[in-house]
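Read the structure below first, then the notes.
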Amino acid sequence: MLTLLAVVIAVVVSLHLWDYYMEAPWTRDGHVHADIIQVAPDVSGLVTELHVRDNQKVNRGQVLFVIDRARFELAVDEARATVLERRAQLDQAQREAKRNRVLKELIAAETVEIGDTQVKRAAAALATAEAALGVARLDLERTTVLSPVDGYLGDQTMRVGDYVKTGTPVLSIVDTDSLRVEGYFEETKLHAIEIGQPVDIHIMGEAQHLRGHVQSIAAGIEDRDRVRGNSLLPNIDPSFNWVRLAQRIPVRVVLDDG
């Protein structure tokens, strides 16, 4: 009797395991991904301060390095002086235009029009100077380079005294907020996967399990048996494999907080 019961239990367990293996949406084929942010300065110059080290954790808004500010401070001073000059020119043009309008009965109409035109030109010149001052201040502000994301700094070779160029990446940061898992599931198991479905994640070498949820399911994959012929029509391989493996479809899983 005990032998029969053990056989029944073994059969039930075997069927359950077989059903789980064949039908349940699980896979060992998965990889952890994250966005790599390349940090490039918005201005060129010599690095005077370096506030981080290799593989350090950084927070959004944290100072990474500082570029020599002297040249940009001088540019701000020059732009500010230009604004003062243009404002004085506008004030003078406005005074002359006002005087011309008072004396319009005694002077030519053309003189009044010229005065009004001078005011408009002076106002435009002042606006241009103020915009240049804004750009100079922005350049000065951007001599301090901040981390755009929370994450971990990669290996960096930049040192104090190096010359960095606008738009050329000098540091890289692994964005921890973008961590996700790309799992490749057999097409026969996709019917059991839904957007938002909770997911258990087991990382090799880690005792703690992670939790996440399905964010998206790929709409399709590359057809390796189909190529485009010389006539621009599909060129299908005539051979067929009798043992056909299920295609694997990428499923993106995002990690839940905590």
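Offset between the sequence shown (1-based) and this note's numbering: plus 160.
The beta-carbon is built from N, C-alpha and C at its ideal position, and this holds for glycine as well.
Which residues in the same chain as R408 place their Cβ atom closer than 7 Å to its Cβ, once the five residues preceding and following it in sequence are excluded? D189, Y344, F345, E346
Could you check where the beta strand (DSSP E) with I409 kicks off and where it finishes? 408-415
Separation of R240 from L293, as counted between CA atoms: 6 Å
Roughly how far, in whole angstroms, is the beta-carbon of P329 from the beta-carbon of V199, given that I think they are within contact range, below 8 Å? 6 Å
Have a look at K349, L286, V223 and flag the residue whose alpha-carbon is nearest the alpha-carbon of P185. K349
Beta-carbon separation (whole angstroms), I227 vs S332, contact threshold 8 Å: Not confirmed; about 18 Å, so no contact.
So, at 7 Å on beta carbons, what are the nonlocal neighbours of V374 in its own chain, with the 5 sequence-adjacent residues on each side left out? I353, E354, I355, G356, Q357, V359, V411, V413
Between T242 and A289, which are expected to be in contact by the criterion C-beta below 8 Å, what is the C-beta distance as a whole number of angstroms? 5 Å
Could you give the DSSP three-state label for A378: helix, strand or coil? coil
Is it buried or exposed, T303, if we count other Cβ atoms within 10 angstroms and call 16 or more buried? buried
Since L306 contacts V236 with CB under 8 Å, what's their CB separation in whole angstroms? About 20 Å; that fails the 8 Å criterion.
Is H351 near I361, with beta carbons less than 9 Å apart? no
Can you give the beta carbon distance from F225 to V207, rounded, assuming they're within the 8 Å contact cut? 5 Å
Nearest residue (CA-CA) to A378, options I363, E342, A367: E342
Taking 9 Å as the cut-off, decide whether the C-beta atoms of V279 and Q254 are in contact. yes
Simplified DSSP assignment, three categories, for K217: strand
Helix or strand or just coil, what does DSSP make of T304? strand
What is the C-beta distance between R371 and D310, in whole angstroms, given that I count them as a contact (C-beta under 8 Å)? The Cβ separation is near 20 Å, so there is no contact.
Buried/exposed call for A296, threshold 16 Cβ in 10 Å: buried
How about E245 and V320: do their beta carbons lie closer than 9 Å? no
Helix, strand or coil at L405 according to DSSP, with G and I counted as helix: coil
Please determine, among E273, V334, K258, A248, the residue with the shortest C-alpha to C-alpha distance to A282. A248
DSSP on H211, reduced to helix/strand/coil? coil
Between which residues of its own chain and D202 is the CB-CB distance below 7 Å, once the five residues before and five after are set aside? R302, T326
Three-way DSSP call (helix, strand, coil) for S362 in this model: The sequence shown places His at residue 362, rather than the Ser named in the question. If DSSP states are grouped into helix, strand and coil, H362 belongs with coil.
Sequence-distant residues of its chain with Cβ nearer than 7 Å to S204 (five each side left out): V324, K325, T326
Please determine, among E238, G314, V334, the residue with the shortest C-alpha to C-alpha distance to N215. G314
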